[in-house]
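Visitor:
Numbering (the UniProt record's numbering), first residue to last: 1 to 160.
#1: If we ignore side chains and look at the alpha-carbon of each, how far apart do residue 10 and residue 137 end up?
#2: What are the start and end residues of the beta strand (DSSP E) that includes residue 131?
#3: Starting from the Cα of residue 93, find the closest Cα among 74, 115, 55 and give me that residue.
#4: Assuming contact is defined by CB atoms lying nearer than 8 Å, are residue 12 and residue 50 in contact in what I supplied?
#5: Give every residue of the same chain whose Cβ lies closer than 7 Å to the Cβ of residue 38, excluding the five residues on either side of it in the sequence, and list them in chain order.
#6: Alpha carbon to alpha carbon, how far is residue 112 from residue 16?
#7: Rounded to whole angstroms, what is the Cα-Cα separation between residue 160 and residue 1?
#8: The beta strand (DSSP E) spanning residue 162 covers which residue range?
#9: Expressed to the nearest angstrom, what Euclidean distance is found between the alpha-carbon atoms of residue 155 and residue 33?
#10: I need the straight-line Cα distance from residue 7 to residue 28, nearest angstrom please.
#11: Jot down the residue ranges of each uninterrupted alpha helix (DSSP H) in the region 112-152, minimum 4 residues, whole runs only, in chain order.
#12: Quick check on residue 82: buried or exposed, where buried means 16 or more other Cβ atoms within 10 Å of its Cβ?
#13: Indicate whether residue 118 and residue 48 have their beta-carbon atoms separated by less than 8 Å.
#14: State the Cα-Cα distance for the pair residue 91 and residue 84, rounded to the nearest angstrom.
#15: I'd like to know whether the C-beta atoms of residue 100 and residue 77 end up nearer to each other than 8 Å.
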């Protein structure tokens, strides 16, 4: 079992490799980059795990602020239902390393509720766009398109 700080450093190292090897070169080449789980995921997850907010944020301080970032907000119980339709939550995703419950599902609800609380803070701190992930995929897509099209017009991107 990893300590929360060790888990964070491993995840942050993986992100750094992705950032330097994929994201940054693509941006320098003038490409539009879409990322699933940018630094905000690590910040929310690892602070919920007990790591200091300032320390975690400092770990990611090299990362560029994106033009646009979304938080897909979904009730924790609904998130669990969606995951269980395909698989069992993994050990760290369920927060089993924290010892808050011996039951995977209960631990998932408790831990992911803490993560959601951190995202509430992050949405304001980093100006993330909130998407209601309880809605249908089509409705979520329409919300995304509306926000993305504004950015594209503002940046005058013609090749999108």
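The C-beta atom is built at its ideal place from N, Cα and C for all residues, glycine as well. Quick caveat: nothing in here was measured; it's all calculated off a predicted structure.
Guide: Taking the structure as given:
#1: What you label residue 10 is simply residue 10 of the chain shown in a count that begins at 1. What you label residue 137 is simply residue 137 of the chain shown in a count that begins at 1. Using only the alpha carbons, I get a separation of about 32 Å.
#2: Mapped onto the chain shown, residue 131 falls at position 131. Residue 131 -> beta strand (DSSP E) spans 129-132.
#3: If you number the chain shown from 1, residue 93 lands on position 93. That would be 115, whose Cα lies nearest to the Cα of residue 93.
#4: To locate residue 12, count along the chain shown from 1; it is residue 12. To locate residue 50, count along the chain shown from 1; it is residue 50. Contact: no.
#5: Reading the chain shown from its first residue, position 38 is the one you call residue 38. Result list for residue 38: 66, 69, in chain order.
#6: Locating residue 112 in the chain shown gives position 112, where the first residue counts as 1. Locating residue 16 in the chain shown gives position 16, where the first residue counts as 1. If you take the alpha carbons of residue 112 and residue 16, they lie about 24 Å apart.
#7: By 1-based counting over the chain shown, the position of residue 160 is 160. By 1-based counting over the chain shown, the position of residue 1 is 1. Low confidence applies to residue 160: its pLDDT is 49, below 50, so where it sits in the model is not reliable, and the reading given next is rough at best. Each residue's Cα considered, the two are about 44 Å apart.
#8: A query on residue 162 cannot be resolved here, the shown segment of the chain reaching from 1 to 160 and no further.
#9: By one-based count along the chain shown, residue 155 stands at place 155. By one-based count along the chain shown, residue 33 stands at place 33. Rounded to whole angstroms, the separation of the alpha carbons of residue 33 and residue 155 is 14 Å.
#10: Taking the chain shown and counting its residues from 1, one reaches residue 7 at position 7. Taking the chain shown and counting its residues from 1, one reaches residue 28 at position 28. Approximately 30 Å, taken between the alpha carbons.
#11: none
#12: Walking along the chain shown from the start, residue 82 turns up at place 82. That one is exposed.
#13: For the purposes of this step, residue 118 is identified with residue 118 of the chain shown, where counting begins at 1. For the purposes of this step, residue 48 is identified with residue 48 of the chain shown, where counting begins at 1. Yes, the pair counts as a contact, with Cβ atoms nearer than the cut-off.
#14: The residue given as residue 91 occupies position 91 in the chain shown. The residue given as residue 84 occupies position 84 in the chain shown. Using only the alpha carbons, I get a separation of about 14 Å.
#15: By 1-based counting over the chain shown, the position of residue 100 is 100. By 1-based counting over the chain shown, the position of residue 77 is 77. Not a contact, by the Cβ cut-off of 8 Å.
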